[in-house]
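Before any comments, here is the structure.
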Amino acid sequence: PDKKLWGGRFAEATDGLVELFNASVGFDQRLAEQDIRGSLAHVAMLGQVGILNAEEVVQISGGLQDVLADIRAGTFEWRLDREDVHMNVEAALRERIGPVAGKLHTARSRNDQVAVDFRLFTKEAALDLADRTRALRAVMLAEAEKHLQAEVILPGYTHLQVAQPILLSHWFMAYVAMLERDEGRFRDAAQRMDESPLGSSALAGTPWPIDRHATAQALGFARPTANSLDGVGSRDFALEFLSACAILSAHLSRLSEELILYSTFEFGFLTLPDSHTTGSSIMPQKKNPDVSELARAKTGRVFGNLMGLLTVVKGTPLAYNKDLQEDKEGVFDSYDTLSIVLRLYTDMLPRTQWHAEVTRAAAERGYSTATDVADFLARAGVPFREAHEVVGGLVGLASRSGRQLWGLTDAELRAAHPLLSAEVAHALTVQESVRGRRSFGGTAPEQVRDAIDAARRSLN
Ligand code: ARG
Numbered sequence: 005p006d007k008k009l010w011g012g013r014f015a016e017a018t019d020g021l022v023e024l025f026n027a028s029v030g031f032d033q034r035l036a037e038q039d040i041r042g043s044l045a046h047v048a049m050l051g052q053v054g055i056l057n058a059e060e061v062v063q064i065s066g067g068l069q070d071v072l073a074d075i076r077a078g079t080f081e082w083r084l085d086r087e088d089v090h091m092n093v094e095a096a097l098r099e100r101i102g103p104v105a106g107k108l109h110t111a112r113s114r115n116d117q118v119a120v121d122f123r124l125f126t127k128e129a130a131l132d133l134a135d136r137t138r139a140l141r142a143v144m145l146a147e148a149e150k151h152l153q154a155e156v157i158l159p160g161y162t163h164l165q166v167a168q169p170i171l172l173s174h175w176f177m178a179y180v181a182m183l184e185r186d187e188g189r190f191r192d193a194a195q196r197m198d199e200s201p202l203g204s205s206a207l208a209g210t211p212w213p214i215d216r217h218a219t220a221q222a223l224g225f226a227r228p229t230a231n232s233l234d235g236v237g238s239r240d241f242a243l244e245f246l247s248a249c250a251i252l253s254a255h256l257s258r259l260s261e262e263l264i265l266y267s268t269f270e271f272g273f274l275t276l277p278d279s280h281t282t283g284s285s286i287m288p289q290k291k292n293p294d295v296s297e298l299a300r301a302k303t304g305r306v307f308g309n310l311m312g313l314l315t316v317v318k319g320t321p322l323a324y325n326k327d328l329q330e331d332k333e334g335v336f337d338s339y340d341t342l343s344i345v346l347r348l349y350t351d352m353l354p355r356t357q358w359h360a361e362v363t364r365a366a367a368e369r370g371y372s373t374a375t376d377v378a379d380f381l382a383r384a385g386v387p388f389r390e391a392h393e394v395v396g397g398l399v400g401l402a403s404r405s406g407r408q409l410w411g412l413t414d415a416e417l418r419a420a421h422p423l424l425s426a427e428v429a430h431a432l433t434v435q436e437s438v439r440g441r442r443s444f445g446g447t448a449p450e451q452v453r454d455a456i457d458a459a460r461r462s463l464n
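Residue numbers for the sequence shown follow UniProt numbering, beginning at 5 and rising by one.
Here's what the structure looks like:
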């Protein structure tokens with residue numbers, strides 16, 4: 005091991021276990037691109053303001069480019085004794101260009117260095133997940149459109165008990181709405197984190213005549229952070245990213261649960277594509293929804309990453325504390341997890357086959373048009389509460405004798421209420437029920453058409 009970059013005051017070598025425990029290079033090497041981008045902007049600025057001369061700027065920048073090339077080529081040697089990505093890069097730079105490398109860290113601290121690297125990473129991750137969320141949304145919107153013409157009917161549930169028939173397209177559009185907000189959350193977070201902490205230095209700023217606006221601009225940030233303690237000590241940008249991830253993950257988990265349930269033999273609403281399901285090594289008939297199960301399960305770690313960082317941050321006094329080194333892995337993990345789940349669903353949903361006869365038959369069972377019968381009576385002037393009671397009685401009668409509402413006899417219907425007849429019960433098909441729900445945002449085909457058109461406009 006070489007002498008520590010911070011080793012000036014130390015007489016004894018670092019304990020081996022401490023070195024292992026302290027090191028972050030195992031995971032923060034993922035920030036190498038951002039780290040070198042940050043250093044290049046810093047060096048260029050040091051040249052502009054006259055802290056470094058032109059020769060030094062050329063030497064250091066060239067060296068950094070060479071180090072970056074090694075990293076990209078996979079020939080860079082990451083060393084645990086060099087602790088983290090920042091000191092690995094700087095030590096490698098010194099090996100290449102000699103002592104002038106030591107001037108790179110003028111007017112800078114690892115505290116603002118890591119803060120700027122991590123913001124660059126998280127901002128890119130947020131925008132990438134926003135794009136991927138958008139891609140899934142486009143796919144679900146296309147599915148909604150595909151099934152609208154045929155008015156494919158799905159049982160709508162509350163409490164997982166059949167409630168009222170809906171259009172399958174309406175179901176898809178519910179997820180389109182959720183995904184639109186999810187994308188918005190990522191973009192909002194990216195916008196709010198669009199500030200450069202570089203130049204906050206260790207915590208209090210620096211006596212050097214640096215130009216923070218120049219480095220912020222060079223790195224593509226909207227502006228520098230306004231307070232140096234906040235710049236190096238805050239991680240709410242990562243918390244926001246993790247929150248947006250957690251909410252998106254909750255939505256994808258609900259979708260997963262529905263797909264798992266609807267693909268069972270007992271429901272039989274849909275068939276998942278062979279490409280996205282797996283078999284059993286003992287039971288030859290099996291086709292398991294592993295992708296959806298894992299998507300549902302991985303929500304646990306995505307939630308955990310948010311809770312983990314909230315907990316890390318809550319006990320840290322201002323400004324930087326080594327605790328904050330624990331901010332990265334959760335962000336990497338939530339990002340990687342969601343980026344693969346979003347891709348999987350974007351590929352899988354268009355290949356999923358829906359069985360319109362089955363979903364329709366399921367919607368017809370379970371007295372799903374009972375509300376429509378009650379509404380029929382209410383429209384004829386019967387107070388809704390009374391109508392509810394009458395129809396409830398009919399559902400009870402039908403269910404005790406294993407029949408549907410349209411299986412009740414004329415006499416039974418008239419006995420329940422003089423306005424009712426077999427004719428009425430027959431008119432209350434699931435299709436009529438769906439077509440009748442024309443309130444804004446409802447499941448009637450023309451409402452869903454409007455929702456699709458609006459979603460299409462907002463997507464373009
Ligand atoms: N590896 C550290 C982290 O990720 C870099 C900052 C270290 N700063 C310090 N003063 N020890 O947080």
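C-beta: ideal position from N, C-alpha, C; glycine also.
Excluding sequence positions up to five before and after Ser205, its CB lies within less than 6 Å of the CB of Ser113 and Asp116, all in the same chain and listed in chain order. Assignment of Gly308 by DSSP, reduced to helix, strand and coil, places it in the helix class. The continuous alpha helix (DSSP H) containing Val93 extends over residues Val89 to Ile101. Relative to Val143, the option among Val156, Val180 and Gly78 whose CA is nearest is Val180. Contact between Leu207 and Ala323 holds, since their C-beta atoms are separated by about 4 Å, short of 8 Å. The three-state reading of DSSP puts Gly188 in helix, counting H, G and I together. It is roughly 12 Å from the alpha-carbon of Val118 to the alpha-carbon of Arg41. With a contact defined as Cβ atoms closer than 8 Å, Val166 and Ser372 qualify at about 5 Å. The beta carbon of Gln168 sits closer than 7 Å to those of Gly160, Ser372, Thr375 and Ser437, all from its chain and outside the five residues before and after it, given in chain order.
Look at Trp175 here: in three-state DSSP terms it is helix. In the DSSP annotation of this structure, the continuous segment of the beta strand (DSSP E) that includes Gly160 starts and ends at Ile157 to Thr162. If you check the CB distance, Leu172 and Thr363 come in under 8 Å. Counting only the Cα atoms, Val316 lies some 7 Å from Asp327.
Distance from the CA atom of Ala431 to the CA atom of Ser425, rounded to whole angstroms, is 10 Å. The beta carbon of Gln329 sits closer than 7 Å to at least one heavy atom of ligand 1.
Shown here, Arg407 sits in coil according to DSSP, grouped into three states, outside any helix or strand. Around the beta carbon of Trp175, 16 or more other beta carbons sit within 10 angstroms, so the residue counts as buried. For the pair Ala250 and Val306, the CB atoms are nearer than the 8 Å cut-off.
By alpha-carbon distance to Val22, the top candidate from Asp85, Gln69 and Gln33 is Asp85. In the three-state reduction of the DSSP assignment, Pro449 falls in the helix class, which pools H, G and I. Annotation: Arg460 to Gln451 spans about 14 Å, alpha carbon to alpha carbon. Here the region 343 to 353 makes contact with the region 133 to 143; the two share three or more CB pairs at distances below 8 Å. In the three-state reduction of the DSSP assignment, Asn325 falls in the coil class. Restricting attention to alpha helix (DSSP H) runs no shorter than 4 residues, the region 109 to 167 encloses them at 114 to 152, ordered along the chain. No Cβ-Cβ contact shorter than 8 Å links His90 with Thr219. Phe25 has its alpha-carbon roughly 58 Å from the corresponding atom of Ala367. Counting the other Cβ atoms within 10 Å of the Cβ of Ser267 gives 16 or more, which makes it buried. CA-CA distance, Val399 to Leu417, rounds to 11 Å. Note on geometry: alpha-carbon atoms of Ser260 and Trp410 lie some 35 Å from one another. Looking at Asp6, Ala77, Arg453 and Ile101, the one whose alpha-carbon comes closest to that of Leu68 is Ile101.
CA-CA distance, His217 to Asp121, rounds to 16 Å.
At a threshold of 7 Å, Arg114 counts as near ligand 1, since its beta carbon sits closer than that to one of the ligand's heavy atoms. In the three-state DSSP reduction, Arg239 falls in the coil class, being neither helix nor strand. One alpha carbon belongs to Ala194, the other to Gly235, and they sit about 16 Å apart. For Arg441, same chain residues with a beta-carbon under 7 Å away, outside a window of 5 residues either side, are Thr447 and Ala448 in chain order. For His151, the CB contacts under 6 Å within the same chain, skipping 5 residues up- and downstream, are Leu172 and Ser173 in chain order.
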